[in-house]
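Read through the structure below, which is laid out as structure tokens, and then see the notes.
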Amino acid sequence: MSPRPCAPTVSSPRRRVGRWVGSSDIGCLLGGRDDHARSWSALQVNREKSLAGSVVPAARIARMTYEDEVSMSVVAAAIVQRGRLLVVSKKAAPEVFYLPGGKPDPGEGPLETLARELDEELGVTPLEPRLLAEVEGVAVLERVPMRLTVFEARIDREPHPAAELAHMRWITGGESDVRLAGAIRNHVVPLLRSGGALAAA
Numbered sequence: 001m002s003p004r005p006c007a008p009t010v011s012s013p014r015r016r017v018g019r020w021v022g023s024s025d026i027g028c029l030l031g032g033r034d035d036h037a038r039s040w041s042a043l044q045v046n047r048e049k050s051l052a053g054s055v056v057p058a059a060r061i062a063r064m065t066y067e068d069e070v071s072m073s074v075v076a077a078a079i080v081q082r083g084r085l086l087v088v089s090k091k092a093a094p095e096v097f098y099l100p101g102g103k104p105d106p107g108e109g110p111l112e113t114l115a116r117e118l119d120e121e122l123g124v125t126p127l128e129p130r131l132l133a134e135v136e137g138v139a140v141l142e143r144v145p146m147r148l149t150v151f152e153a154r155i156d157r158e159p160h161p162a163a164e165l166a167h168m169r170w171i172t173g174g175e176s177d178v179r180l181a182g183a184i185r186n187h188v189v190p191l192l193r194s195g196g197a198l199a200a201a
């Protein structure tokens, strides 16, 4: 797919996490990897530290290299409908729920990864993805440092779990019978709730 020309950044009137980046800009600002420099465009702002990791609001775009102390990069979607967030679990650990998404293939940009993973896992296409946040922590299954880039997006059809997925649920984030991965529970759910996207728990 040929890249679209960059357009001025558009701020959303409903500010949830720092500054939104318009969907037409994300393809320019978060382009594919450079095979030689092994770098990609990502978020970089002052981090808000916590015991479970750190969350980086979508406030400013900067350059980040693979030389950073991160072993895994993951791109995921925060899909909210009727005040509920879509979460999935994998067959390798069906009791733990995550956001749908996955790791980039060689040469992929974040939005390309997002589209491929949602198609493979749920049979859907993301619509109007907006950069929500970047979360740093430890991957639950692999137990290595992880950087999770989250896009809030709508989808074009009803999702159905496939591929490596075991279960799919729509949650408010307060369910006692749903075990969420730490990055989702500690960072993504509070961000969405503070912006009014999620229903009260």
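Going by full-length UniProt numbering, the first residue of the sequence shown is number 1, and it counts up by one from there. Yeah, the Cβ is synthetic: ideal placement off N, Cα and C, and Gly gets one too. Keep in mind the model is a prediction, meaning the values are calculated, not measured.
Which of helix, strand or coil does DSSP assign to residue i?
i      : result
Ser89  : strand
Leu29  : Reliability fails at Leu29, whose pLDDT of 33 lies under 50, so the model's placement of it is uncertain and no value is given.
Gly182 : helix
Arg154 : strand
Ala115 : helix
Arg193 : helix
Glu121 : helix
Gln44  : The predicted position of Gln44 is uncertain, since its pLDDT is 33 and thus under 50; a value taken from the coordinates is nonetheless stated next. DSSP places Gln44 in coil when its eight states are reduced to three.
Pro110 : helix
Val140 : coil
Ala200 : coil
His187 : helix
Who does residue i pair with in a DSSP beta bridge?
i      : result
His167 : Ser89
Ser73  : Arg147
Arg84  : Gln81
Gly101 : Ala76
Pro126 : Ile155
Val96  : Arg179
Compute the beta-carbon to beta-carbon distance between residue i and residue j, rounded to the nearest angstrom, for a pair I have assumed lies under 8 Å.
i      : j      : result
Glu117 : Pro94  : Rounded, the Cβ-Cβ distance is 18 Å, inconsistent with contact.
Phe97  : Leu180 : 5 Å
Val178 : Ile184 : No, Val178 and Ile184 are not in contact; Cβ-Cβ is about 10 Å, not under 8 Å.
Met72  : Pro145 : 7 Å
Pro106 : Thr113 : Wrong, their Cβ atoms sit about 11 Å apart, outside the cutoff.
Leu198 : Gly173 : 6 Å
Take every Cβ of the region 74-91, pair it with every Cβ of the region 112-123, and state whether three or more of those distances are shorter than 8 Å.
The region 74-91 is in contact with the region 112-123.
Pair every Cβ in the region 143-158 with every Cβ in the region 71-79, then say whether three or more of these pairs are closer than 8 Å. The region 143-158 is in contact with the region 71-79.
ask   = So, do the region 127-135 and the region 163-178 have three or more beta carbon pairs nearer to each other than 8 Å?
value = No, the region 127-135 does not touch the region 163-178.
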